[in-house]
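Novice: The following block contains the structure, expressed as structure tokens.
There are 2 protein chains.
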Amino acid sequence: MAGRRPGRPATRREILEAARDVFAEEGYDRASVRAIARQAGVDPALVYHYFDGKPALFVELLELARDPRAVMEAAAAVSGPGRGARVVTGFLQAWEDGDPTPGTRFRTVIQAVCTSPEAATALREFLTERVWSRSLPSDDRSSVRARRASIASQLFGVAFQRYVLLVEPYASASIDEVAALVGPVIDQLHGEMPQSDLDAMEAVVGLDEQR
Amino acid sequence: MAGRRPGRPATRREILEAARDVFAEEGYDRASVRAIARQAGVDPALVYHYFDGKPALFVELLELARDPRAVMEAAAAVSGPGRGARVVTGFLQAWEDGDPTPGTRFRTVIQAVCTSPEAATALREFLTERVWSRSLPSDDRSSVRARRASIASQLFGVAFQRYVLLVEPYASASIDEVAALVGPVIDQLHGEMPQSDLDAMEAVVGLDEQR
């Protein structure tokens, strides 16, 4: 593949695009900073000048897509029917926008975090520190955190069926169709639960704080 | 590592155990039938005698754990409060029983299906043909299939947070604690939804049948 175009310095973005290509082709585990530098047509030292190694490149790539905070901010701001569908639409668009073959970016990220504990840590910190905590900082009750975790689980499981397992109708449906299918489930998870269930959930989430 | 003990033929199970070790160590993508045969102390031809290649070995490994149908049968048979918690318990036990380091088997499977389309197909067929259709054959309404998909998404997302991302409280909690946290969510997903939401879901699931 082509490296850097002659006559101007490689930008940070060109290194990121090279990293995206090499991660997708080789998998996170096998991708080396040296191979990423070669793809970008620069010296490996320049990669280290911009980024603190492979996990940092990996996290930056997550941000190359549409800012995921926008999805959660939309979810927090809007209420009433239709909120769930908008969350689903935003979540899937964040994975698919600019992805030449929809699903490649998701598969690359998941494969990376299953293979490398450092990539898993990077993604966990990205989600908890940059997405969850900034977009929904005002309500830190355990029951709210438990609901949030169940919505995250739901979105993640749907993406896994759509992009990896290719389960129908998730795999072939348009984003709008998936939003129509999964939106009501998200709304339901946002909705009311019996107080006894919430108490049980609070008890478990509270354990985390004592650990 | 040790190969086959001398004096008796390698069993099918010994080949499977070798495959499990090699998949976990090398990743599905890099694991070769030759390496699996070497680990089991047999000729590669014997591996092909028992199994129709790597995807077949992969599916057999999924069954090495507690039969996952048991989980879904329990879910179908039991109703009322507490059902969700039992489903969660069965699902997590199926992944953790006999796993030397809980989470290794899950990470190996997910890494395999993200890397290899043939492994993804094998897992999808295993889930749809052997788990879902046999355990819950009697009700094929689209709305029931849509709920089932949302429960599968939820379980999968929780496992991902517990075994891969190591998100608290899922990561450090006992199976019973996770069941207390996620069970009510599963019960809620089994429960009542407004008819208008069910109609919207049916419309999308119905598309699948026309494709």
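Same order as they appear, the protein sequences are chains C and H.
Residue numbering for the first sequence follows numbering that gives the first Met the number 0, starting at 0 and increasing by one per position.
Residue numbering for the second sequence follows numbering that gives the first Met the number 0, starting at 0 and increasing by one per position.
For each residue, glycine too, the CB sits at the ideal point set by N, CA and C.
Only a predicted model underlies this, so the values are computations on that prediction, with no experimental measurement involved.
Output, in sequence order along the chain, the residues in the segment 89–114 of chain C whose CB is closer than 7 Å to any CB in chain H.
Specialist: So the list reads Arg106, Ile109, Gln110, Val112, Cys113, Thr114, given in the order they occur along the chain.
Novice: CB-CB under 8 Å to Val184(H), same chain, minus the five flanking residues each way: which ones, in chain order?
Specialist: As a working mapping, residue 184(H) is identified with position 185 in the second sequence. Gly83, Gln153, listed in sequence order.
Novice: Answer yes or no: do Val58(C) and Val46(C) have a C-beta to C-beta separation smaller than 7 Å?
Specialist: One-based indexing of the first sequence puts residue 58(C) at position 59. One-based indexing of the first sequence puts residue 46(C) at position 47. Against a cut-off of 7 Å, the Cβ pair of Val46(C) and Val58(C) comes out as no contact.
Novice: If you drop the 5 nearest sequence neighbours on each side, which residues of the same chain put their C-beta closer than 7 Å to that of Ala118(H)?
Specialist: Here residue 118(H) is taken as the residue at index 119 of the second sequence, counted from 1. Around Ala118(H): Tyr27, Pro54, Phe57, Ala111, Val112.
Novice: I want to check one thing, is the minimum distance from the CB of Gly156(C) to the heavy atoms of the ligand SAH below 6 Å?
Specialist: Within the structure as shown, the ligand SAH is missing, as the structure has no ligands at all.
Novice: Output, in sequence order along the chain, the residues in the segment 143–166 of chain C whose CB is closer than 8 Å to any CB in chain H.
Specialist: Within the segment 143–166 of chain C, the qualifying residues are Ala145, Ala148, Ser149, Ala151, Ser152, Gln153, Leu154, Phe155, Gly156, Val157, Phe159, Gln160, Val163, Leu164, Leu165, Val166.
Novice: Any beta carbon of chain H sitting closer than 7 Å to that of Pro43(C)?
Specialist: Translated into positions along the first sequence, residue 43(C) becomes position 44. No, because no Cβ of chain H sits closer than 7 Å to the Cβ of Pro43(C).
Novice: Val143(H) to Ala34(H), Cα distance in whole Å?
Specialist: The sequence position of residue 143(H) within the second sequence is 144, counting from 1. The sequence position of residue 34(H) within the second sequence is 35, counting from 1. Approximately 44 Å between the Cα atoms of the pair.
Novice: Are there 16 or more other CB atoms within 10 angstroms of the CB of Gly190(H), so buried, or fewer, so exposed?
Specialist: In the second sequence, residue 190(H) corresponds to position 191, counting from 1. Classification for Gly190(H): exposed.
Novice: Which first and last residues belong to the alpha helix (DSSP H) in which Pro116(C) is found?
Specialist: For the purposes of this step, residue 116(C) is taken as residue 117 along the first sequence, with counting starting at 1. From DSSP, the alpha helix (DSSP H) with Pro116(C) extends over 116–124.
Novice: At a Cβ threshold of 7 Å, is Val184(C) touching chain H?
Specialist: Translated into positions along the first sequence, residue 184(C) becomes position 185. So yes, Val184(C) belongs to the interface.
Novice: Please confirm whether Leu211(H) and Phe125(H) have their CB atoms less than 7 Å apart.
Specialist: Look at the range of chain H in this structure, 0 to 210, and you will see that residue 211(H) is not part of it.
Novice: Less than 7 Å separating the beta-carbons of Val163(H) and Arg106(H)?
Specialist: Position 164 of the second sequence, counted from the first residue, corresponds to residue 163(H). Position 107 of the second sequence, counted from the first residue, corresponds to residue 106(H). Yes, they are a contact pair.
Novice: Straight-line CA distance for Thr127(C) to Ile174(H)?
Specialist: On the first sequence, position 128 is the one that residue 127(C) refers to. On the second sequence, position 175 is the one that residue 174(H) refers to. Their Cα atoms are separated by approximately 23 Å.
Novice: If you drop the 5 nearest sequence neighbours on each side, which residues of the same chain put their C-beta closer than 6 Å to that of Ala23(C)?
Specialist: Within the first sequence, the letter at position 24 stands for residue 23(C). The residues are Thr103, Thr107.
Novice: Could you check which residue in Gly40(H), Thr88(H), Gly89(H), Pro116(H) has the C-alpha nearest to that of Ile14(H)?
Specialist: What you label residue 14(H) is simply residue 15 of the second sequence in a count that begins at 1. Nearest of Gly40(H), Thr88(H), Gly89(H), Pro116(H) to Ile14(H), Cα basis: Gly40(H).
Novice: Where does Pro168(C) sit, in a helix, a strand or coil, going by DSSP?
Specialist: Position 169 of the first sequence, counted from the start, is the residue given in the question as residue 168(C). If DSSP states are grouped into helix, strand and coil, Pro168(C) belongs with coil.
Novice: How many angstroms separate the CA atom of Thr114(H) from the CA atom of Asp51(C)?
Specialist: Taking the second sequence and counting its residues from 1, one reaches residue 114(H) at position 115. Taking the first sequence and counting its residues from 1, one reaches residue 51(C) at position 52. Rounded to the nearest angstrom, the two C-alpha atoms are 26 Å apart.
Novice: Between Ala178(C) and Ala148(C), what straight-line distance do the alpha-carbon atoms span, to the nearest angstrom?
Specialist: Position 179 of the first sequence, counted from the start, is the residue given in the question as residue 178(C). Position 149 of the first sequence, counted from the start, is the residue given in the question as residue 148(C). If you take the alpha carbons of Ala178(C) and Ala148(C), they lie about 19 Å apart.
Novice: Taking Arg11(H) as the query, report the chain C residues whose CB atoms sit under 9 Å from its CB, ordered along the chain.
Specialist: Along the second sequence, one-based indexing puts residue 11(H) at 12. Residues of chain C passing the Cβ test: none, with the nearest at roughly 27 Å.
Novice: Compare the C-beta of Arg85(C) with all C-beta atoms of chain H and state if any pair is closer than 7 Å.
Specialist: As a first step, residue 85(C) must be located in the first sequence, where it is residue number 86. No, Arg85(C) does not count as interfacial toward chain H.
Novice: What's the C-alpha gap between Ala151(H) and Arg37(C)?
Specialist: Locating residue 151(H) in the second sequence gives position 152, where the first residue counts as 1. Locating residue 37(C) in the first sequence gives position 38, where the first residue counts as 1. Spanning the two alpha carbons is a distance of roughly 42 Å.
Novice: Identify which residue in Ala145(H), Gln160(H), Asp186(H) has its Cα closest to the Cα of Arg176(C).
Specialist: For the purposes of this step, residue 176(C) is taken as residue 177 along the first sequence, with counting starting at 1. According to the sequence as given, residue 176(C) is Glu; it is not Arg. That would be Ala145(H), whose Cα lies nearest to the Cα of Glu176(C).
Novice: Any C-beta of chain C within less than 8 Å: which residues of the segment 22–52 of chain H qualify?
Specialist: Within the segment 22–52 of chain H, the residues whose Cβ lies closer than 8 Å to some Cβ of chain C are Gly26, Asp28, listed in chain order.
Novice: Short check: CB of Val181(C) to CB of Val166(C), under 7 Å?
Specialist: Sequence index remark: in the first sequence, residue 181(C) carries index 182 (1-based). Sequence index remark: in the first sequence, residue 166(C) carries index 167 (1-based). Not in contact: Val181(C) and Val166(C) (Cβ atoms no closer than 7 Å).
Novice: Cutting at 6 Å between CB atoms, please list the residues of its own chain near Leu122(H), excluding the five before and the five after it.
Specialist: For the purposes of this step, residue 122(H) is identified with residue 123 of the second sequence, where counting begins at 1. Once the five neighbours on either side are set aside, the close Cβ partners of Leu122(H) are Val112.
Novice: So the candidates are Glu16(H), Ser171(H), Val87(H); which of them puts its Cα closest to the Cα of Asp186(H)?
Specialist: Counted from its first residue, the second sequence places residue 186(H) at position 187. Ranking the options by Cα distance to Asp186(H), first place goes to Val87(H).
Novice: Do you know offhand how far His48(C)'s Cα is from Ala30(C)'s?
Specialist: Taking the first sequence and counting its residues from 1, one reaches residue 48(C) at position 49. Taking the first sequence and counting its residues from 1, one reaches residue 30(C) at position 31. Each residue's alpha carbon lies about 18 Å from the other.
Novice: What is the residue span of the alpha helix (DSSP H) that Asp20(C) lies within?
Specialist: The residue labelled residue 20(C) in the question sits at position 21 within the first sequence. Counting along the chain, the alpha helix (DSSP H) containing Asp20(C) begins and ends at 11–25.
Novice: Quick one: which chain H residues come within Cβ less than 8 Å of Ala119(C)?
Specialist: As a position in the first sequence, residue 119(C) is number 120, starting the count at 1. Simply Val163, Leu164, Leu165.
Novice: I'd like the list of long-range same chain contacts for Arg19(C), defined as Cβ closer than 6 Å, with 5 residues on each side in sequence excluded.
Specialist: To locate residue 19(C), count along the first sequence from 1; it is residue 20. Cβ neighbours of Arg19(C) beyond the five flanking positions: Leu60.
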